[in-house]
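Following: one structure in structure tokens, then a few remarks.
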Amino acid sequence: MSANDTTLLTTPLNALHIELGARMVPFAGYSMPVQYPTGLMAEHHHTRKAAGLFDVSHMGQLRLRGPDACAAFESLMPVDVIDLPVGKQRYGLLLTEEGTIIDDLMFFKKAQDELFVIVNGACKAGDIAHIQAQIGKRCQVNPLPDYALLALQGPQAVTALARLAPGVEKLVFMTGGDFTVDTGTQKINVFLTRSGYTGEDGFEISVHNDHAEALARALLAQPEVQPIGLGARNSLRLEAGLCLYGNDIDTRTTPVEASLNWAIQKVRRTGGAREGGFPCATKILAALADSTGASGTKGTKKRVGLIAQERIPVREHTELQDGAGNRIGEVTSGLLGPTVNQCVAMGYIDASLAALGTPVVAIVRGKPVPMVVSAMPFVPTNYYRG
Amino acid sequence: MSIKYTADHEWLQVEGDIATVGITHHAQDALGDVVFVDLPAVGASIDAKAVAGVVESVKAAADVYMPVTGEILEVNETLRDDPSLANTDPLGAGWFFKVKLSNPAELDGLMDETSYTAFSANA
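Chains as they are written, first to last, in UniProt numbering: chain B, 1 to 386; chain Y, 1 to 123.
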């Protein structure tokens with residue numbers, strides 16, 4: 001054990017992970033399970049065909065409250081917060097003054113004056129400080145360190161969870177609410193949403209630390225459910241075309257470069273009812289207008305999906321070249337996708353070369369590996385929309 | 001016939017002046033599911049400690065080092081089609097390549113099973 005391990009934080013499920021034989025690794029300052037004895041590949045497949053339970057308690061949970069909370073939070077992101085209906089969840093992007101991405105997050109409107117926000121674990125201290133500094137005078141910003149977060153993902157997640165918490169089956173994708181989970185020996189209050197980060201149907205469940213292990217054990221007792229580590233979470237999210245903060249997006253990328261235009265609702269765009277009003281809005285709205293052109297702007301970069309034409313994983317930081325050997329970009333995430341059974345990646349290339357079907361070359365250990373710019377997600381998503 | 005181990009977690013089974021090389025159980029366990037193996041060219045002469053190939057798991061890529069100096073006589077073509085053999089049978093069907101030893105004295109610098117077991121337990 002290295003000296004650093006002694007400084008790692010643990011989640012309320014730490015003892016359970018060890019009992020289940022998890023291989024623990026440092027991640028976002030926590031000791032987290034990267035895989036269990038069945039291994040990443042089996043865990044990935046199990047999640048796609050049944051249900052996987054993930055401990056994502058390293059992620060940050062916080063609550064914003066007050067009559068001005070929604071308008072205040074909206075001022076930090078190019079996203080519609082004000083008009084999001086109560087009971088619904090949305091994906092958001094915290095921006096720097098330069099229009100680059102501080103973090104990506106999920107927020108849920110619990111009431112007109114209350115938002116529940118989930119941010120990335122590695123970013124949470126910075127996010128909370130940023131939100132507090134920017135809008136702390138307009139609303140209450142309360143971190144929720146006493147709450148764990150579990151993700152139950154996969155096509156049978158609803159079957160397993162509805163057995164313990166009847167009613168969850170009525171939720172559709174990106175909605176949620178307060179539920180009681182009956183484990184048979186105790187009733188546990190949770191707040192959950194029908195969402196996740198695997199491309200599958202599923203739930204994210206916020207539970208008080210004191211009840212996290214009992215909830216996890218109750219879920220793992222369901223025949224559909226297996227524990228899944230962060231390794232498979234990464235391969236599942238990449239197949240689903242979802243960004244990993246720190247790899248695929250960071251403070252060097254804008255939402256438009258990151259192909260996250262879909263996350264910018266019309267109301268905040270040029271001509272919308274609340275046009276602009278977020279950091280670096282002028283530049284981002286101009287780029288947004290431009291990126292809807294046929295081929296993007298020469299010299300700007302764009303996040304794309306890539307499929308290798310050989311069975312060779314193309315990892316992050318691998319250089320991408322055009323057919324003439326010119327550097328045109330870099331891979332930011334890449335692996336063998338267990339479900340697609342192909343080597344898939346995402347990365348940034350010159351926007352003029354980002355059209356689907358464009359051939360590019362990845363230089364893997366000096367060897368050229370042909371790749372093709374491809375649509376994402378790499379596997380069809382399985383969200384439940386009712 | 002004896003099995004030797006390197007600090008880079010390769011094993012060699014030596015018969016006469018020919019060694020069969022693979023990665024150890026410890027190495028495959030640390031790597032996780034192996035999805036791709038890049039093997040050296042048959043006929044290539046490679047120095048000890050030079051990179052002879054690459055093994056990629058779902059998680060990461062790792063270099064495979066030449067445990068001894070020599071010429072590649074044969075590679076395990078089956079492993080190209082089924083890289084998971086490196087996980088399921090690392091010391092058997094998951095072998096990587098056979099090498100003709102140029103300098104058998106190099107074997108003296110490698111670990112025996114007892115030493116390697118102790119070494120990998122602390123790795």
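Cβ atoms here follow ideal geometry from the backbone N, Cα and C, with glycine treated the same way. Fair warning: this is a prediction, and the values are worked out from it, not measured in the lab.
8 Å Cβ cutoff, B:Gln342 in contact with chain Y: no
Straight-line Cα distance separating B:Cys343 from B:Phe378: 10 Å
Cβ neighbour criterion (16 or more within 10 Å) applied to B:Asn326: exposed
Y:Val68: contacting residues in chain B (beta-carbon distance under 7 Å): Within chain B, no residue comes near Y:Val68; the closest Cβ sits about 22 Å away, beyond 7 Å.
Top-ranked residue by Cα proximity to Y:Gly16, from Y:Val37, Y:Ile3, Y:Ala41: Y:Ile3
DSSP-derived helix/strand/coil call for B:Arg65: strand
CA-to-CA distance, Y:Glu71 to Y:Val52, given in whole angstroms: The sequence shown places Ala at residue 52 of chain Y, not Val. The alpha-carbon atoms of Y:Ala52 and Y:Glu71 are separated by roughly 11 Å.
Which of helix, strand or coil DSSP assigns to B:Ser206: strand
Contact under 8 Å by Cβ, Y:Phe96 with Y:Ile23: yes
Residues near B:Val314 by beta carbon distance below 8 Å, same chain, minus five either side: Leu306, Ala308, Val331, Gly334, Cys343, Ala345, Ala362, Val364, Val369, Met371
DSSP-derived helix/strand/coil call for B:Ile131: helix
C-alpha distance - Y:Ala60 paired with B:Arg138, whole-angstrom precision: 45 Å
Alpha-carbon spacing of B:Pro33 relative to B:Ala324, whole angstroms: 43 Å
Simplified DSSP state of B:Gly156, which is helix, strand or coil: Sequence inspection shows Gln at residue 156 of chain B; the Gly mentioned does not correspond to that position. If DSSP states are grouped into helix, strand and coil, B:Gln156 belongs with coil.
Cutoff 6 Å; reference Y:Leu73; Cβ partners in own chain excluding five residues on either side: Lys98, Lys100
Proximal residues to B:Glu19 (C-beta, below 7 Å), its chain only, five neighbours per side dropped: none
The region 254–263 of chain B / the region 47–62 of chain B touching (three or more Cβ pairs under 8 Å): no
Under 9 Å by beta carbon: chain B residues contacting Y:Ala61: Pro313, Arg315, Val364, Arg365
Through-space distance from B:Asp55 to B:Leu13, alpha-carbon basis: 7 Å
Inter-stretch contact (C-beta, 8 Å, three-pair minimum) for the region 40–52 of chain B and the region 198–211 of chain B: yes
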